[in-house]
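Heads up: the structure comes next, in structure tokens.
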Amino acid sequence: MSEIAEFPLPSDVTDEERATAKREIGKYAKIVSETDKVVRFNGELIGQTGPVWHLQYTRMYKLPKGYLAAGHDLHEGIKVAYADQAEGLPKAFENPLVREFLE
137 MSEIAEFPLP SDVTDEERAT AKREIGKYAK IVSETDKVVR FNGELIGQTG
187 PVWHLQYTRM YKLPKGYLAA GHDLHEGIKV AYADQAEGLP KAFENPLVRE
237 FLE
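So this is what it looks like as structure tokens:
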């Protein structure tokens, strides 16, 4: 897979949130670059949601091996989940409304 995906960081991102995004995405995908506002990595964007529950936004990606969901939780910061199959991504989130949006 040679596609480059982007995970946008919130406009008011903290250094801690930026580091969390890079660290957590980097566990599952190769980071190719980053700026103050975006983390770029090997993958393909396959879906996104707008505000739901206290997640400002969520993005879903297909990786060379597996699938990744990353979002900005207004209370907890950057959240990242991984699954071997796309169907497994919603199960990584506790809130039923978030699960429904990801399905």
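Be aware that the sequence shown starts at 137, since it is given in the working numbering, and climbs by one per residue. The C-beta atom is built at its ideal place from N, Cα and C for all residues, glycine as well.
By the 16-neighbour rule on beta-carbons within 10 angstroms, His211 is exposed. In the three-state scheme derived from DSSP, where H, G and I count as helix and E and B as strand, Glu180 is classed as strand.
In the structure shown, Ala165 adopts coil according to DSSP, grouped into three states.
At the C-beta level, Phe143 and Ala219 stay beyond 7 Å of one another. For Gly186, same chain residues with a beta-carbon under 8 Å away, outside a window of 5 residues either side, are Tyr193 in chain order. Around the C-beta of Glu152, fewer than 16 other C-beta atoms lie within 10 Å, and the residue is accordingly described as exposed.
Rounded to the nearest angstrom, the gap between the Cα atoms of Ala217 and Ala165 is 12 Å. Bounds of the beta strand (DSSP E) holding Val216 are Gly213 to Ala219.
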